[in-house]
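Working notes, beginning with the structure itself.
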Amino acid sequence: STNSRQEEDVVDTPVMAAFREYAKELDDKHDRYERIVKMSRDITIESKRIIFLLHTIETRRNNREKVLEDAEKRLRAVCETNFLLIARELEDLDQNQYLRAFSPGLQEFIEAYSYFEYLKDSSKLSDWDDLQQFLTYNIDKPSSTKENETKEEKSLQEQTVAKKQIVCTIKPVEFILGLADLGGEIMRRCINSLGSGDIDSCFQACRTLQTLYAGYLRIRPVGNREIPRKITTLRQSTLKAENVCYNIKVRGGEAASWDTLDTAGFAMDKIAHDDEDEGFY
Amino acid sequence: STNSRQEEDVVDTPVMAAFREYAKELDDKHDRYERIVKMSRDITIESKRIIFLLHTIETRRNNREKVLEDAEKRLRAVCETNFLLIARELEDLDQNQYLRAFSPGLQEFIEAYSYFEYLKDSSKLSDWDDLQQFLTYNIDKPSSTKENETKEEKSLQEQTVAKKQIVCTIKPVEFILGLADLGGEIMRRCINSLGSGDIDSCFQACRTLQTLYAGYLRIRPVGNREIPRKITTLRQSTLKAENVCYNIKVRGGEAASWDTLDTAGFAMDKIAHDDEDEGFY
Amino acid sequence: MSTFIHQELFLKFQQHLDNELELKEKIRAIVREIEQNSKEAAIHLQVIHSNIEKVPQACLEARKCFDKCREGYKQLAELIPPKQYYKYCDQWLYNTHRVVFLIGLTIYLEAGFLVSRETVAEILGLKVSQSEGFHLDIEDYLMGILQMASELSRFATNAVTLGDYSRPLNISRFVSDLNSGFRLLNLKNDSLRKRFDALKYDVKRIEEVVYDISIRGLAPQVQTQAQADEAEQATDSTAA
Amino acid sequence: MSTFIHQELFLKFQQHLDNELELKEKIRAIVREIEQNSKEAAIHLQVIHSNIEKVPQACLEARKCFDKCREGYKQLAELIPPKQYYKYCDQWLYNTHRVVFLIGLTIYLEAGFLVSRETVAEILGLKVSQSEGFHLDIEDYLMGILQMASELSRFATNAVTLGDYSRPLNISRFVSDLNSGFRLLNLKNDSLRKRFDALKYDVKRIEEVVYDISIRGLAPQVQTQAQADEAEQATDSTAA
Amino acid sequence: MSTFIHQELFLKFQQHLDNELELKEKIRAIVREIEQNSKEAAIHLQVIHSNIEKVPQACLEARKCFDKCREGYKQLAELIPPKQYYKYCDQWLYNTHRVVFLIGLTIYLEAGFLVSRETVAEILGLKVSQSEGFHLDIEDYLMGILQMASELSRFATNAVTLGDYSRPLNISRFVSDLNSGFRLLNLKNDSLRKRFDALKYDVKRIEEVVYDISIRGLAPQVQTQAQADEAEQATDSTAA
Amino acid sequence: MSTFIHQELFLKFQQHLDNELELKEKIRAIVREIEQNSKEAAIHLQVIHSNIEKVPQACLEARKCFDKCREGYKQLAELIPPKQYYKYCDQWLYNTHRVVFLIGLTIYLEAGFLVSRETVAEILGLKVSQSEGFHLDIEDYLMGILQMASELSRFATNAVTLGDYSRPLNISRFVSDLNSGFRLLNLKNDSLRKRFDALKYDVKRIEEVVYDISIRGLAPQVQTQAQADEAEQATDSTAA
Amino acid sequence: MSTFIHQELFLKFQQHLDNELELKEKIRAIVREIEQNSKEAAIHLQVIHSNIEKVPQACLEARKCFDKCREGYKQLAELIPPKQYYKYCDQWLYNTHRVVFLIGLTIYLEAGFLVSRETVAEILGLKVSQSEGFHLDIEDYLMGILQMASELSRFATNAVTLGDYSRPLNISRFVSDLNSGFRLLNLKNDSLRKRFDALKYDVKRIEEVVYDISIRGLAPQVQTQAQADEAEQATDSTAA
Amino acid sequence: MSTFIHQELFLKFQQHLDNELELKEKIRAIVREIEQNSKEAAIHLQVIHSNIEKVPQACLEARKCFDKCREGYKQLAELIPPKQYYKYCDQWLYNTHRVVFLIGLTIYLEAGFLVSRETVAEILGLKVSQSEGFHLDIEDYLMGILQMASELSRFATNAVTLGDYSRPLNISRFVSDLNSGFRLLNLKNDSLRKRFDALKYDVKRIEEVVYDISIRGLAPQVQTQAQADEAEQATDSTAA
Ligand SMILES: [Mn+2]
Ligand SMILES: [Mn+2]
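Line by line, the protein sequences give chains D, P, U, V, C, L, G and H. For the first sequence, our numbering assigns the number 439 to the initial residue and increments by one for each residue that follows. For the second sequence, our numbering assigns the number 439 to the initial residue and increments by one for each residue that follows. For the third sequence, our numbering assigns the number 73 to the initial residue and increments by one for each residue that follows. For the fourth sequence, our numbering assigns the number 73 to the initial residue and increments by one for each residue that follows. For the fifth sequence, our numbering assigns the number 73 to the initial residue and increments by one for each residue that follows. For the sixth sequence, our numbering assigns the number 73 to the initial residue and increments by one for each residue that follows. For the seventh sequence, our numbering assigns the number 73 to the initial residue and increments by one for each residue that follows. For the eighth sequence, our numbering assigns the number 73 to the initial residue and increments by one for each residue that follows.
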């Protein structure tokens, strides 16, 4: 979508000539922005699908290892293909310039990755610096996508042609925003675990949410309007998980009392064997 | 749209029986409301048309008497047919109950009537008490629209059967709101008169608007949110009319100066004869 | 200055507004008084959530408050010019809804049935039909009844806490009846409709309480619907 | 007016505006009629929460109402010019969702399975594909089905109260299936998405009921998933 | 997933959602192309404000752009399923208004009269009646015409600057006709109404220009309305 | 600039604006400090939801934070000119509400009763009456107390999860008392009113917890209201 | 109510609320009075737009109204506790801005210069510094002055209509001075800033009036800026 | 507490935020300084609306202010870490637009042509390309140029008042050229687009001024476009 077509018929003033240049520059920026938005959209979709896949883990289905393996492969693929494309677009540019274009995809990826770590029983959640290495690439030669660079730039690059590092930067704020969404997934995990009778997972999810929430309480988000909104959502997720555990407790307590009355031993038995069989629903 | 159809098949509790009655009462109210809304809509449309008709008055077309006569007839017809219908619906009821249903029509009528008076060069604008007499009707017998009245009501009415007065009340607030819209029409009149070269009408309109605006400035509209909004609009109409007069003055002044230079006597001549011929545009 | 528009018109209108304002302030004073009394009734009736034994006494106290409310409404009736009810009613309707709710609750606690519009009107000294004078509109009666349903859902929960398992069953039938009644109405998209939408949640909550009682075999007795209907009159005396 | 522009253009346009207004009012009248009939069906079907014996009769009555709705849709189909469905559909879709819900409920009560879009369309005299004429969009079908899930969660609770312990198990599998289906979708952030988010709570409530039944050994029989699937057809006759 | 619900339903629905997204993106791409072409026409036609001699050439160039727009509309017509015009039309109508304006301006410059809806439709390859296919609604035609009036008011001013005193008189009659036509309509409070309200100011500005010309005796000749009407066809050749 | 207006006026005004900006920035810095300390107290107190044994230690830590808050308020008191409290108070009141809530929670955890305004004021080094200096308005005290009620409703839930069935009963009586108190008030339609409306949900939620405990026979002992009142003083030591 | 919370707290708070309500109503009554008087002044001063001869008389009448306003402010000063000015000032500031505007206009009409804050304060019986008592903040003074600029732009237009071509020149210099003054300031994004943004339009409008007069040779005399400055003192007496 | 989530993460993040805040405050101080200088330039250049003779002197003064602005930008460039320009630029861009406008105006007044982006960048010590360092973006350059157009429209009006009839003609060609340039751009729906939409009104106003001059025969000479182009360079010296 350039304006090349008019060039022939209109007699140019110097102003017109300058503006034709400006038009090109603006179109370039805009096109790059749109390309990055599309790349980001692909990452969002794939990350959401990975999260969906991770939700299929169920103790009674014994599919944990298999699913985690699949998920890890797909997460690596996102880094090595999708983010690489963005890194190439951003080569030599200020990453902040197109931040809004790829921020949604990046946040969703952070959410997916940290949820993966959560389910993997990692001893420690990775932070932005840890994740950054996945999005740092060594490339052999200057990327071929940049064609309209000036001669000086070219010669500069020729000196470093052998090896070059390009990145797709993970800013701390992006990480914190993406991580906040992890709360929603853990809450969902808590509810789903209740459904499949995996009580331990429920309590684990609830504890993790409480810790996560306490962490976010520490933040004094000066000038950022999204963080407070996310904290509100996180609080609600925490309350929902607490409610699930509460329900297990009151109902579990009830079952115990029925148990002592020896009328529902059978039912308790079922709970104990939930891990092995298909459960009662 | 009553619920009579179900009555057969569902066994009624006393609560259900009572609610069937309530349903009827609510439907009656709602239906009456809808009928009045439709009546009001007719009045609005006819009033707008009368205003449109009144705007066709142009000095150079010499149609003033004819148009005023037509407009008066149609205004009377609105009173004697449309408002009578509403008055019948409201017979014996608190007029405030359905005020919102007929308020738009009433206000538009007030606007049309006062604009008619303005163009008729009335010495004095009628107020709500003056207009009220047009919407007061003597009817011979109880209106036939009310069928579900109780016996006591009937016997009461029989005593007064010979003559009865019914009304469609004009509340002062409604009048003031309708009158405020007159400002817009006079402003339009001012602009149109400029177009047709009727300078006197422009100045008359501007003076009237200034007086009207000064009048509204007197009002301390406690708890009414519409009046301040209308005053803002009225102020804008006044400023527009003032601008028209201003333009006449600066251009007129200019013409005069060209005139003394004897280069545009012809043009001035045209202005003087505007009343007779078709003008220059 | 134009001679067509006379400034007296606006002076006359301002006079009219001032008169209205004065009347409104008088109304406000009376309404505040009624409000105070209805609030007191509400406080007395709060006892249903903590101490069932004190309910009969609370009903008596509440009725005294309703008497005082009636006096207030009488003053309003005298103050409002004929056929101007709907011009000013916004000032007191919010409170009327609450009083209707409280009267409905009292009657339910005392006698176990739904108070009729006629009875509410009588207790408050209001007419039923607009043509007879200062009256109680059907919409306002219904708004109050819906508020009551919400309170009853809370009552059902707390009755269980206080060990009364028959009350929720009774409330469930009562509110379910009410719900069926409301479904007969064609409601416009107004505040009554919104309030009615909320009723669904009350019904659901009460049904869950009854469910909890049933599944644990805590219900006073297993009975058919027919037996339930018979038993209904008896229940209240047991519960109160 | 001079020769530049023919006044005719504007007369024609006014005609067009008037026609459109008239059309909208006609649509509104028909939609109100359909609404009334769907409401009646809803009232009949309320019986599921209080008296299971009357369910078959209620289904019959509801079907009569659907017949009347079909007449309404037929009138709409005749009224709306073929290519203008999407210009006016906002006026009736809200109600269509409710009718789909009620038909879905009726079929589930009668036969125990999820009504297909084809069947709903047939009952309402609509086409499935828009190329054939006045049709039922898949989004609107799903909106209705989601509404039904919400009613079924309430039904599960009340079935227990009424002593029917097999119904909740059946409902649970039904709603859980629906949930699994929706989880496969990439929904935009629209009304369907919002409605689906609400489904999760319905699922949870039903699961709690099943848990309560299981823990007390009230479930009709311990069965494997395979058995459950077999048992499914039988369930409804037992339950009704 | 069990036998209750066939997963197929959801796969089919996902397919439906994906298709719709794809369709929207295709539409967007075409609309962007049309937009680009209409913009180009607009740039060519700007010459009316600075150099009247180049107007005929500009009209020729603009017409080339309209041809390209027609190709775009043709693609849209092929893309949009026949009955779904109103489901997607918001995506292109904004631009259609501009194209109508530019065509109207071109025709006025070339021939001095108001382009008819039929002619616009023909130039863009659209149908006039929606029953025949992808069409141009009368509202959208009028929106474009109103935009043109605004440009003409600017043209009247600049024509004077460029020494053409007959053009404003011609424009004045043209726009005044348009105004009279619109005054006949009962418009709803929509975007067309807003645009029409703006027309009044265009009318006023043009009248002022005519006044200025008249007062100085710069008008080409004093003529009666009858003469004016006759003179009309001639004007354009003089002006160009 | 001419003789009409003296530039001096604007220089003086700029001076005024600069002073005010500086004051506001100083206030902001102090408020940020108080905020940080109150946040830390909040984090310490989060432990009530996961580990009841650590509560006494958390209260000690929280009190240290309150000491630091007091220092901040002291600085504010020195900074704000005496008559300008209400000009700037919006900058810190939001945070004051939180500190009041946290102090209220700490006192409740330590001693089981509602902290008084006097005590809060003392802990924060504020005056009770504004005539004495930098003070704590009663509205702001109550806003904090209402926030506490919300946290207590969460606490009641989690206490059950942690196996403490007596705590919810105690909280229930506490919050129910608060509710009764607020019901006495005629609140305007302001933020306090909104917060009070939220209290109703907290009360309901806590009552449901108590209900759940009761219906399952988990409550420590069945006791009459009279017994409950007696038992009250004892409860807290058990729970903490 | 139990031992947790002392009812006394709420009684005390209700007392506080009642006192505040009473105070606010008293303020409202006084403000209404001031408002009435300022309105009357405004109506008198409207004459500038239609009859320049009556201006001196209108100024006299306006001054009588300001005297009555002063009485109102005196009552306010007695009513408001010293430290609570900023708690209640929103109730009267809106009106204060109008009074300042009217005083500014009167002084400009009488004497041709910008009224100082000190003079306004004196006319209204207010202090200049808040430490001395009930005062007039500089922001509020400037808000009034900016309102005046808006009225002056209207006055410039109407003066031309009334045949006074020198007045607009004077107003132009006056408002342009004001504009230069405000340009020196770093305003925050508040109401004063918004009002100042509006001033730009007033300036532009007045400049256009002066332009219209100049291009038509209607300006009293062509003068250089230097001459203009000299002439300035003389102008006002001629104009008034 | 979960061991998966370590609180250090949040402490580290808070540390990061605090560092950023500190940097932002440093930036704010510098930006305020630049703002002050650009404001001063604006005040100097205001003279174009009242005294054309003083324009050359004003340009000299303005250039001194730009020098000071350059120092500010140099400090910014040193402060901002490499490749973090876009993280903080919101803090100064608003002001950059104004400086660009003022530089553009100065160059126009001095030399009569449109300042290039390169020249603006040079005057402010900025780079043109992002890869070279702290730079001036094309969007920001254009925003400033559009602001200038607005000021020029006011200048055209006031030039007439001051008796300079050739300046508006020059401005008209200048702004019309600019307008044609902007029409070549594909603007997104952002602030630049909004500002460009406003340009239309500036163009229209300037055209009307030229019209007023033309119709009154006040234009310095009737000239063809070709002559006009030649005459352009000469004009400025005449006007200044
Ligand atoms: Mn998520
Ligand atoms: Mn009107």
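The C-beta atom is built at its ideal place from N, Cα and C for all residues, glycine as well.
query: As assigned by DSSP and simplified to three states, the class of I604/D; result: strand
query: For N576/D, the residue or residues it bridges with in DSSP; result: Q603/D
query: Touching by the beta-carbon criterion (3+ pairs, under 8 Å), the segment 183-201 of chain C and the segment 221-241 of chain C; result: no
query: Anticipated Cβ contact below 8 Å, V516/P with I481/P, distance rounded; result: 6 Å
query: Amino acids of chain P, ordered along the chain, whose beta-carbon sits closer than 9 Å to that of F206/U; result: Near F206/U there are no residues of chain P at all, since even the closest Cβ is about 11 Å away, more than 9 Å.
query: Helix, strand or coil at H169/G according to DSSP, with G and I counted as helix; result: helix
query: L148/U versus Y536/P - alpha carbon distance; result: 21 Å
query: Buried versus exposed, by CB contacts within 10 Å (16 or more), Q603/P; result: exposed
query: Exposure label - A130/H; buried when at least 16 CB within 10 Å; result: buried
query: Whole-angstrom C-beta distance between C141/U and S110/U, which should lie under 8 Å; result: 6 Å
query: Same chain, Cβ closer than 7 Å to L214/V, neighbours up to 5 away in sequence not counted; result: L264
query: Status (buried if at least 16 other CB within 10 Å, exposed otherwise) for S560/P; result: exposed
query: Per-residue contacts from R479/P into chain G (C-beta, under 9 Å); result: Per Cβ cutoff of 9 Å: no residues; R479/P is ~37 Å from chain G at best.
query: Contacts that V453/D makes with chain H (C-beta to C-beta distance below 8 Å); result: L186, D249, L250, S252, G253
query: Beta-carbon proximity of I287/L to R288/U, cut-off 8 Å; result: yes
query: Touching by the beta-carbon criterion (3+ pairs, under 8 Å), the segment 544-558 of chain D and the segment 621-628 of chain D; result: yes
query: Buried versus exposed, by CB contacts within 10 Å (16 or more), S582/P; result: No answer about S582/P holds up, because its pLDDT of 49 lies below 50 and its placement is not dependable.
query: Span of the alpha helix (DSSP H) around K140/C; result: 127-151
query: Contacts around L271/H, its chain only, beta-carbon distance under 7 Å, and the 5 residues preceding and following it disregarded; result: L218, A221, N251, F254
query: Local Cβ density within 10 Å of E587/P, reported as buried at 16 or more and exposed below that; result: In this prediction, E587/P has a pLDDT of 48, which is less than 50 and means its spatial position is unreliable; nothing more can be read from the coordinates.
query: Neighbour-count burial assignment, F521/P, 16 or more Cβ in a 10 Å radius; result: buried
query: Check: I489/P C-beta below 7 Å from any heavy atom of ligand 2; result: yes
query: Element boundaries [alpha helix (DSSP H), containing Q86/V]; result: 79-117
query: Test: Q86/V CB closer than 8 Å to a CB of chain C; result: yes
query: Proximity winner among K678/D, R538/D, E503/D, L523/D, relative to N576/D (alpha-carbon distances); result: L523/D
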